[in-house]
Each structure stands twice: as structure tokens, then as C-alpha cells.
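Input: a single structure, listed below in C-alpha cells.
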Amino acid sequence: MNPLLLETINDLPPLPKTVLELREYIDHSGADLEISKVVAIISKDPLLVGDLLRLANSPFYGFSRQITTIQQVVSLLGVGNIKNTVLANSIRSNFHIDVSPYGLDTDVFLANCAKEVDFISSWLLEDDKTLANELVPCAMLLRLGMILLADILIKSKKDKEFLEQNQANDFQSVHELENQYCGVDSASFLGFLFDYWKFDENLIQSITHIENPHAAPEEIKKNSYALAVTNCLFEPYHPLSQFNSKKSIALINEAIGQGVDFKIANFLGKLPDEAKNNLVL
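This is the structure we're talking about:
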């Protein structure tokens with residue numbers, strides 16, 4: 003592995019003490035897990051309490067009433083989702099973001115990252131609410147691999163060379179260039195990071211199969227297809243374009259052909275207006 007990649011992994015910001023304690027307790031309690039203990043751990047950290055209440059009352063989770071206590075959040079989301087959401091929220095607030103090595107405007111990139119989370123939650127809330135709640139943490143971190151590889155390129159002073167090669171290839175072989183310059187592509191690196199931070203195994207496997215959802219085990223095939231569709235629709239260079247919108251619809255139909263229970267009418271209805279407009283051009 004690229005030495006700078008190893009250095010980046012070793013230098014990842016530490017997770018807050020409360021988050022580590024929560025993860026440790028949930029991962030090792032098994033049948034002895036107590037909801038009251040989960041609530042007690044979270045309640046020790048006012049910032050974490052505020053973040054969870056804000057997220058629970060955001061459109062991401064689509065609850066019909068105001069959520070005012072951590073007890074409600076834990077009961078409604080479930081312990082596994084709480085762990086993953088806490089991890090994702092803590093991780094994404096810890097990074098300086100500059101994706102200029104990819105030839106992308108960082109502000110536009112971040113705006114599209116936010117739209118990804120909005121889309122996957124609004125789409126799946128009507129299709130499969132349990133899956134929506136499970137995949138929100140994944141969507142929150144969907145582009146983290148690119149963010150960290152961009153940082154590696156800048157630190158190794160290869161950002162301009164990478165960008166020139168990327169431009170010469172018309173941004174068509176990004177994963178190949180990532181492997182060439184960093185020793186790993188951003189999608190594979192994201193799967194590694196989910197394992198490093200000890201997310202639930204289902205989420206790790208779902209992310210691992212984002213580029214080949216057809217090969218995912220049956221129990222996580224729907225997860226992987228949902229992430230693959232969102233990843234395709236909001237592809238960073240041409241988000242919501244006609245090509246990517248059609249490709250995402252093809253992925254939905256492929257999933258349905260494999261027995262995955264997606265409702266195509268719901269998906270088409272939830273497409274952002276920009277994608278709908280591009281489809282009729």
C-alpha cells in the first residue's frame with residue numbers, strides 16, 4: 003500500500019470518547035445490551051445529543067412528530083442505526099475538504115453530497131423505510147474516499163499531475179488514475195474505511211459492492227443497489243445528467259430483474275427535478 007495512504011490512515015482524526023464508548027458497548031454487549039445504557043452513554047455528551055436530535059428531526063428520517071429526547075431517537079432508529087449514525091456524523095465533521103485535484107469545485111461537490119443524502123432518504127422512505135434509516139449513514143460518507151485521496155494527492159504534490167492526466171482522459175478513467183497514483187480507488191478505500199471504523203458488517207459489505215451490486219450477497223443486495231443507484235445518479239462530474247439518470251434507471255430495472263423489491267414508479271417520482279428535466283430533453 004502507498005506509504006502516504008498508510009500515513010493518512012494512521013493520522014485519521016480520533017473519534018470522540020463518547021462515540022468510542024458507545025461503539026464498544028454496542029459491539030460487545032450482545033444479548034445483554036440495555037437501551038437505558040445506550041441512552042446514558044449518549045446523554046453524557048451534550049454535543050452528541052444535539053447532533054442526534056437535529057438529525058432525527060431532519061427530513062432524512064421522515065418522522066411524523068417532533069423528536070425531543072434521546073430515548074425517542076434510540077427507540078425509533080434502533081441501536082444499530084444509532085451506532086452507525088453517530089459514527090458517520092462524527093467522522094464527516096472531522097475533515098478539511100479540497101477536491102481540486104479531481105478538477106471539481108469543492109462547494110459544488112459538497113452541495114451535491116448533501117443532495118445525495120436528501121435523495122436516498124426521500125426515495126427509500128416510501129419504498130423501504132427500514133432500509134432508508136440504515137443507509138443514511140452510508141450516504142453521509144459516500145464521497146469520503148475521494149476526499150481523503152484528494153488530500154493524499156495534495157500532500158504528495160501530485161495533485162496537478164493527477165488533474166492533468168484526468169483532464170487528458172476527459173475524466174473517464176478516474177478509478178484507474180486513483181489506483182495509479184494512490185494504490186487504491188476511492189470506492190475500495192471507502193469500504194476499507196468503513197471496516198476500519200467498525201461500522202456494522204452489513205454496511206461494510208453494502209459499500210464494498212457499490213460498484214458491482216449484482217454480486218452482493220442476497221441479504222444485502224437491495225442495500226448495494228440502492229447505494230449504486232445513488233452513486234450513479236450523483237456521479238461527481240455529471241450529477242443528474244441525462245446519461246447518469248438513464249443509467250440509474252437501468253440499475254433499478256436490473257435490480258428488479260434480480261428479484262430486488264424496488265418500485266420503479268416511486269423512484270421516478272422521487273428523482274430531482276433537474277434529472278427529470280434532463281430525461282425529457
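Residue numbers for the sequence shown, in this note's numbering: 3 to 283.
Note that beta-carbon positions come from the ideal geometry of N, C-alpha and C, so glycine has one too.
Please classify SER123: is it buried, with 16 or more other beta-carbons within 10 angstroms of its beta-carbon, or exposed? buried
Classify HIS211 as buried or exposed, calling it buried when 16 or more other Cβ atoms lie within 10 Å of its own Cβ. Classification of HIS211: buried, given that the 10 Å Cβ count is 16 or more.
Smallest Cα separation from GLY147: which of PRO219, PHE196, GLY105, ASN268? With distances taken between Cα atoms, GLY147 lies closest to PHE196.
Can the beta-carbon of LEU133 be found closer than 9 Å to that of ASN225? yes
For THR210, which of helix, strand or coil comes out of DSSP? When DSSP states are grouped into helix, strand and coil, THR210 belongs to the helix group.
Who are the Cβ neighbours of ILE149 in its own chain at under 8 Å, not counting the five residues just before and after it? PHE97, ILE99, VAL101
Distance CB(PHE236)-CB(ASN114) smaller than 9 Å: Remark: C-beta atoms of PHE236 and ASN114 approach each other more closely than 9 Å.
With hydrogens ignored, establish whether the beta-carbon of LEU126 is closer than 8 Å to any heavy atom of the ligand ZN. Annotation note on the ligand ZN: not contained in the displayed structure, which lists no ligands.
Counting pairs of Cβ atoms below 8 Å between the stretch 231-250 and the stretch 85-93, do you hit three or more? no
Run of the alpha helix (DSSP H) containing SER31, from where it starts to where it stops: 19-31
Can you tell me whether LEU2 is buried or exposed? The criterion is at least 16 other CB atoms within 10 Å of its CB, across all chains shown. Since the first and last residues shown for the chain are 3 and 283, residue 2 lies out of range.
Per DSSP, what kind of secondary structure is PRO5 in: helix, strand or coil? helix
Specify whether the stretch 156-174 and the stretch 42-52 touch according to this definition: at least 3 beta carbon pairs, one from each stretch, less than 8 Å apart. As far as the Cβ criterion goes, the stretch 156-174 does not touch the stretch 42-52, which means the pair count is below three.
Nearest neighbour of PRO238, chosen from ALA189, GLN260, VAL262, LYS223 [CA to CA]: ALA189
From TRP125 to LEU35, what does the alpha carbon distance come to, in whole angstroms? 32 Å
With a CB to CB cut of under 6 Å and the five nearest residues on each side skipped, what residues in its chain are close to GLU213? ALA189
Compute the distance between the beta-carbons of LEU112 and LEU229, then report whether it is under 9 Å. If you check the CB distance, LEU112 and LEU229 do not come in under 9 Å.
Looking at the structure shown, is ASP263 part of a helix, part of a strand, or coil, going by DSSP? coil
Going along the chain, which residues of its own chain have a beta-carbon closer than 6 Å to the beta-carbon of LEU6, five neighbours each way excluded? ILE154, SER158, listed in sequence order.
Just to confirm, is the Cβ distance from PRO215 to ALA170 under 9 Å? Cβ distance not < 9 Å, so PRO215 and ALA170 don't count as in contact.
Nearest candidate by alpha-carbon position, reference ILE156, set PRO15, SER250, PRO103: PRO103
Could you tell me if PRO219 is buried or exposed, where buried requires 16 or more neighbouring beta carbons within 10 angstroms of its beta carbon? exposed
Taking DSSP as the reference, what is the three-state secondary structure of LYS162? helix
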